[in-house]
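Take a look at the structure below.
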Amino acid sequence: MYSKRIPQAPPIRRGGACNHCKRRKMRCDGMRPICGPCSKVASLEDCEYGEGGRTYADQLQEQITGLETRVEELQNTKVAPNVLALHDPYYASRNSHMSRSASRASGSNQTMNSSEGRTQFAQEKALMEAFQPHALQLGFFLDAGNIIYAFSSPNSDPRQRPTSALSAAMALLGAYLSPSPNILHLKEMYLSKAVQAASLGLSESHPQKILHTLQANVLISHYFFLHGRNLEGRWHLDNAVSLILSARMHRIRSSQIQDPQFISPSSTTTLPPARNVAEEGDRMNAMWTVLALNCLWSAAEGVPASIAYTTEQGRVDTPWPLDPNSYTDATFPPDLKNSHTLQKFLADIPDGVHSLLALYVKAAVLFEQTTVFSKRYSNPASRTPFEMRGFHSTFQNLRSIITRILTEVPPIKSGASAGTKKRLFVIDALLRATMIRLYCTFGAHDPSCCPMILDMANGMMKCLAMVDMESTAFWDPIMAIIWGGPASVFIQSIQISNNAGETQNSIRSLNQIMGMMARYSADNALMLSETQLAEIQAKYAAVTRR
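The opening residue of the sequence shown carries number 1 in full-length UniProt numbering; numbering runs sequentially from there.
Laid out in structure tokens, this is it:
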């Protein structure tokens, strides 16, 4: 009989021990999937070896360390208002995987048979089409129809075809908005794909890589905001802001001489001259969309905006955006120049531009400015006479601008498209919520302010009545924040009003708001957050118990 021999592992090279044995300074035999010493410890899983570079655990730890550092900086560091500090939580994995990602991308079509390829392509196209009806509500500044056509047509203009980051981000939100319960795995797959591709977006050779990377970051940030993952949402939005500033999209058609110290030295973020006015319009729409989102989410979180547009370095000279298909040589002649767009706006100088995007941006800027004002003068009674003069001057100026812009918002017409109706309502709601916030700074319980505040809240509900709720499957994510303003007003009205009719109207409106927030909470985690619906319900319950 032959005696059984215990198989011996071949000698391992120096440094080839598994990570656990290295940490424990144990003699490793290099056996796979689990070495001899580790096999004696029941709690351990398969061994990890670092000979091929950093292990997955190492990469995760680096990402965790980077995120922890970023959180600490966001909480503690004091950054100058005109400085934007960006940190990349994907930096470690991006550098180690860049070459491998490129090789996988080039070889993917070779390893996938044609049937699987067609199925995956059709799936991604269907998800992009599911996203298209909601594109405007999610900060899509390009033409979604053209992008999808270019994606699916081999004969389309290569400049229109989406980068991998953009197509993945569109598919991600399409999967998110899809009513099918069987696509959870697609969300996870496209989220991973979109985030990784966006981090590599500027390394592509695509002629529109800057705009497409911008758009992808905007969409990914919305996805994270909708899930209540605000830190990750802010990171991707800050990426978009950084691209806007480094590509100098805030200085399009500037009449000011460029200061060389503010020009980006990076060739990867330098935009070539626009081929035509329409392409220039895409860049303008990108800049204003990112600025509006930055204002809204900065105000929602109570942090300074990343674009310091009231400073000389962050000054915006780009003209106000126009409606789609309105960029022509007639509306934007070659010699048209502009400067100090937002400074003029905040000085209450009319500009005559009333496009939907321009009105949305103006409402966002006013919301952010009023939030900053409200925090600065949260207790007016404790201010000196000099400070109070500044308080009243700023208050009067903001009130005047909000009032004027409200009159410039066109009424919602029955024949308008569902997307236009929703956009107009969001603009109107933003302006009215801003006025409510402004007056609440002056004194929420001041009897002289109550009629104006209640009138703003009632006006919002009248505007909402013009929107077909049955066909409205999704709202702009910022509405989760906006609803808190009128809800608080109606709760206060129920509490203090001596008019039975007014009280019943406030109860009816409040129930409508809570019903809407509950209905749309499945698509927006912020609707159910502790500071939104739950808080409104708790306040309402406290009032009705009295």
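Just so you know, even glycine gets a beta-carbon here, dropped at the ideal spot from N, CA and C. No experiment lies behind these values; they were computed from the predicted model shown.
So, using beta-carbon positions, are Glu-188 and Ser-298 closer together than 8 Å? Pairing Glu-188 with Ser-298 gives a Cβ-Cβ distance that is not under 8 Å.
Can you check which of these residues, Lys-362, Leu-138 and Ser-152, is closest to Gly-117 by C-alpha distance? The candidate whose alpha carbon is nearest that of Gly-117 is Ser-152.
Coarse secondary structure for Ser-152, derived from DSSP in three states: The answer is helix: DSSP assigns Ser-152 an H, G or I state.
Does the contact criterion of 3 or more C-beta pairs under 8 Å hold for the segment 423–430 versus the segment 457–469? Touching, per the Cβ criterion.
I'd like the list of long-range same chain contacts for Glu-280, defined as Cβ closer than 6 Å, with 5 residues on each side in sequence excluded. Only Ala-274 meet the Cβ criterion.
Terminal residues of the continuous alpha helix (DSSP H) containing Lys-362? From DSSP, the alpha helix (DSSP H) with Lys-362 extends over 356–376.
Of the choices Pro-162, Ser-339, Phe-474 and Leu-322, whose alpha-carbon is the least far from that of Phe-332? The shortest C-alpha separation from Phe-332 is found at Leu-322.
Are the CB atoms of Glu-204 and Ala-171 nearer to each other than 8 Å? Their beta carbons are not under 8 Å apart, which means Glu-204 does not touch Ala-171 by this criterion.
Per DSSP, Asn-498 forms a beta bridge with which residues? The partner list for Asn-498 (beta bridge, DSSP) is empty, contrary to what the question assumes.
Neighbourhood of residue 558 by C-beta, 8 Å cutoff - its chain only, sequence neighbours within 5 removed: For the chain, the structure presents residues 1 to 546; residue 558 sits outside this window and is missing.
Span separating the alpha-carbon of Ser-221 from that of Thr-213: Taking the straight line joining both Cα atoms gives about 12 Å.
Residues in the same chain with beta-carbon distance under 6 Å from Phe-224, minus the five sequence neighbours each way, listed in chain order, please. If we look at Phe-224 and ignore the five residues flanking it on each side, its Cβ neighbours are Glu-232 and Gly-233.
Sequence-distant residues of the same chain with beta carbon closer than 7 Å to Val-241, five excluded per side: Excluding its 5 nearest sequence neighbours in each direction, Val-241 has C-beta neighbours in its own chain below 7 Å: Leu-84, Val-290, Asn-294, Ser-306 and Ile-307, listed in chain order.
Name the DSSP beta bridge partners of Ser-254, please? BP columns for Ser-254 point to Asn-338.
Meets three-Cβ-pair contact criterion under 8 Å: the segment 480–490 and the segment 138–153: No, they do not touch.
Tell me, to the nearest whole angstrom, how far the beta carbon of Ala-364 is from that of Ala-416; I am working on the premise that it is less than 8 Å. Rounded, the Cβ-Cβ distance is 21 Å, inconsistent with contact.
Cβ of Pro-385 versus every heavy atom of the ligand FMN: is any distance shorter than 7 Å? Absence of the ligand FMN is noted for the structure shown, with no ligands found whatsoever.
DSSP on Ile-349, reduced to helix/strand/coil? Three-state result, Ile-349: coil.
With DSSP as the reference, label Glu-204 as helix, strand or coil. In this structure, DSSP gives Glu-204 a state outside helix and strand, which the three-state scheme calls coil.
Could you check what DSSP says for His-227 in three-state terms: helix, strand or coil? In the structure shown, the three-state DSSP call for His-227 is coil.
Out of curiosity, what's the CA-to-CA distance linking Leu-219 and Asp-282? A direct Cα-Cα distance of roughly 16 Å separates Leu-219 from Asp-282.
Using a Cβ-Cβ cut-off of 6 Å (strictly less than) and excluding sequence neighbours within five positions of Arg-251, which residues of its own chain qualify? Listed in chain order, the non-local C-beta contacts of Arg-251 below 6 Å within the same chain comprise Asp-317, local neighbours out to five positions each way being set aside.
With a threshold of 16 other CB atoms inside 10 Å of the CB of residue 549, please say whether the residue is buried or exposed. Nothing about residue 549 can be read from this structure; the chain reaches only from 1 to 546.
Candidates Ile-34, Ala-216 and Pro-350: closest to Ala-286 by CA position: Taking Ala-286 as reference, the option from Ile-34, Ala-216 and Pro-350 with the minimal CA-CA separation is Ala-216.
Which stretch, first to last residue, makes up the alpha helix (DSSP H) that contains Asn-458? In this chain, the alpha helix (DSSP H) harbouring Asn-458 covers 450–464.
Beta-carbon proximity check, Phe-131 vs Gly-201, cutoff 8 Å: It is not a contact, given that the beta carbons lie outside the stated cut-off.
Between the alpha carbons of Pro-181 and Leu-191, how many angstroms are there, rounded? Looking at the two C-alpha atoms, the distance is approximately 17 Å.
Using the rule of at least 16 other Cβ atoms within 10 Å of the residue's Cβ for burial, across every protein chain shown, is Pro-162 buried or exposed? By the 16-neighbour rule on beta-carbons within 10 angstroms, Pro-162 is buried.
Please state whether DSSP places Pro-324 in a helix, a strand or coil. Of the three classes helix, strand and coil, the one that applies to Pro-324 here is coil, per DSSP.
Do Arg-383 and Phe-391 have their C-beta atoms closer together than 8 Å? Yes.
Hey, Arg-248 and Pro-207 are a contact pair by Cβ (cut 8 Å); roughly how many whole angstroms apart? That pair is no contact at about 18 Å.
Do you know whose CA, among Arg-253, Pro-133, Thr-328 and Leu-237, lies nearest Ala-278's CA? Ranking the options by Cα distance to Ala-278, first place goes to Thr-328.
With DSSP run on the structure shown, which of helix, strand or coil describes Ser-192? Helix, per DSSP.
Report yes if the CB atom of residue 602 is closer than 8 Å to the CB atom of Leu-271, and no otherwise. Nothing can be reported for residue 602, as the shown portion of the chain is limited to 1 through 546.
Do Phe-474 and His-134 count as a contact pair if the criterion is CB distance below 8 Å? Contact: yes.
Identify, in the order they occur along the chain, each residue of the same chain with its Cβ nearer than 8 Å to the Cβ of Gln-537, setting aside the five sequence neighbours on each side. Once the five neighbours on either side are set aside, the close Cβ partners of Gln-537 are Met-514.
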